[in-house]
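Following full-length UniProt numbering, the numbering of the sequence shown begins with 1 at its first residue and continues without gaps.
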Amino acid sequence: MDSSALADLAVSGQINCLCDQKFFSELAKEASDIAGCFSSRVRHLLNLHEHKIKRFITFVSQCFQNPQQATEQECRMLIEYVIMNALAIRKILKKYDKVHRSANGRKFKSKMLSEHIEVLQSPWLIELGAFSMFSEPNGGRNDEPLNPFSCDLSSTEPKMTLMLPDRVKLEYNLLCPICLELVFKPYALGCGHLFCKSCACSAASVLIFEGPKAARAGSKCPVCREAGVYGNAVHMIELSLLLKKHCKEYWKERAAEEGAEISRQTKMYWDMQSKYMIGY
Ligand SMILES: [Zn+2]
Ligand SMILES: [Zn+2]
Ligand SMILES: [Zn+2]
1 MDSSALADLA VSGQINCLCD QKFFSELAKE ASDIAGCFSS RVRHLLNLHE
51 HKIKRFITFV SQCFQNPQQA TEQECRMLIE YVIMNALAIR KILKKYDKVH
101 RSANGRKFKS KMLSEHIEVL QSPWLIELGA FSMFSEPNGG RNDEPLNPFS
151 CDLSSTEPKM TLMLPDRVKL EYNLLCPICL ELVFKPYALG CGHLFCKSCA
201 CSAASVLIFE GPKAARAGSK CPVCREAGVY GNAVHMIELS LLLKKHCKEY
251 WKERAAEEGA EISRQTKMYW DMQSKYMIGY
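Spelled out as structure tokens, the structure:
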């Protein structure tokens, strides 16, 4: 929560004492630190993962230990870290409301969502979940710690599910709100909404080969209408790998469609360019 939002709350009489103001501003700082630390650690881990796969392919004969192992272990640790912190903040807010007989804790929770510091809604958590499921053997061995992530891609509402230790289930919708199909080469916009790369591009009126990040700065999310969400869009590489692995036929179809669309756009682009040239 920024200070102006706090001031708004204070003016409207919802926050009465200074201790409340301090409490919520410190909690907001804590939450945004957690979200920031988490996303940079996931980025680092997944970069490392790509790097290790390349190394693994090159030096496969000299490899005695599975290079995946260390990464998977850190992946588990990060998932635990994020769940632990999120539950702690939830408990604190619940307790706060109980003690103060207020609804400010609950309000703060929705504030965290709208300001994208709720780490359980981070696209990086979805990436981490996808990564953790990718290497799982089918059925999962009994001696392996159970993965709190699971996914259901065959239904008409494809989703990824995260089971929290308190049995609360979080669901991440994997249906593209534009084409109403499973997200293909997904991007998460800054607001957290997921789209196919090609759908995000068409919504922002940019060409597919330019990518969603090429959108004008003020472009809005087609779902929640939040502006400026394309610049910090996250290319969901791990999710893409997982979906491709589980939906091979669908992926092939979409890849062919996208390929045709890209060449159509490219041709149009060069036709335009040459028209300008001739005009000049
Ligand atoms: Zn108080
Ligand atoms: Zn789509
Ligand atoms: Zn959105």
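Beta carbons: idealized from backbone N, C-alpha and C, even for Gly.
Sequence-ordered residues whose beta carbon comes within less than 7 Å of a heavy atom of ligand 2:
Cβ atoms closer than 7 Å to ligand 2 belong to Cys176, Ile178, Cys179, Glu181, Val183, Phe184, Phe195, Cys196, Ser198 and Cys199.
Any chance the CB of Leu125 is under 7 Å from a heavy atom of ligand 3?
No - ligand 3 has no heavy atom lying nearer than 7 Å to the Cβ of Leu125.
Sequence-distant residues of its chain with Cβ nearer than 6 Å to His246 (five each side left out)
Only Leu153 meet the Cβ criterion.
Thinking C-beta only, is Leu239 closer than 8 Å to Ile79?
Going by beta carbons, Ile79 and Leu239 fall outside the 8 Å limit.
Can you say whether Tyr276 is buried or exposed, counting buried as having 16 or more other CB atoms within 10 angstroms of its CB?
Exposed: under 16 other Cβ atoms inside 10 Å.
Do Gly211 and Cys196 have their C-beta atoms within less than 8 Å of each other?
In this structure, Cys196 does not lie closer than 8 Å to Gly211 by Cβ.
Shell residues, 5 Å Cβ cut-off relative to heavy atoms of ligand 3:
Any heavy atom of ligand 3 counts here; residues with a Cβ closer than 5 Å to one of them, in chain order, are Cys191, His193, Cys221, Val223 and Cys224.
Where does Met160 sit, in a helix, a strand or coil, going by DSSP?
When secondary structure is reduced to three states using DSSP, Met160 falls in the strand class.
Ser110 - containing alpha helix (DSSP H), residue span
Counting along the chain, the alpha helix (DSSP H) containing Ser110 begins and ends at Asn104 to Ser114.
For the beta strand (DSSP E) containing Glu238, list its first residue and its last residue.
In the DSSP assignment, Glu238 falls outside any beta strand (DSSP E) and lies within the alpha helix (DSSP H) extending over Ile237 to His246.
Would you decide whether Glu118 is buried or exposed? Buried here means 16 or more other CB atoms lie within 10 Å of its CB.
It counts as buried.
At which residues does the alpha helix (DSSP H) containing Phe195 begin and terminate?
Per DSSP, Phe195 belongs to no alpha helix (DSSP H); it is in the beta strand (DSSP E), Leu194 to Cys196.
At what residues does the beta strand (DSSP E) containing Ser150 begin and finish?
Bounds of the beta strand (DSSP E) holding Ser150 are Phe149 to Asp152.
What would DSSP say about Val42, mapped onto helix, strand or coil?
Three-state DSSP puts Val42 in a helix.
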